[in-house]
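Residue numbers (my numbering): 2 to 55.
All residues carry an ideal CB built from backbone N, CA and C; glycine is no exception.
Report on the following structure.
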C-alpha cells in the first residue's frame, strides 16, 4: 500500500494532504488506483536493483 492509495475514499477519504487536494480529488479514483498499483512494483524494482549484495 502507498500514500497514493491511503487517500482513497475506501481508506481514510482525506480531501486534503498538506493543504493540497488529494490525488483522488484532483485526478479521480480510477486513475489513482492504477497509478498506485503501477508505482509499487517500480519501487520494489528500484530497491532490488540497488541491493544486489544484500
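| query | result |
| --- | --- |
| Where residue 9 falls: helix, strand or coil (DSSP) | coil |
| Contact the segment 29-37 vs the segment 7-17: 3+ CB pairs below 8 angstroms | yes |
| Length of the line joining the Cα atoms of residue 42 and residue 22 | 25 angstroms |
| Cβ shell of residue 24 (< 7 angstroms), same chain only, five flanking positions each side left out | 5, 8 and 33 |
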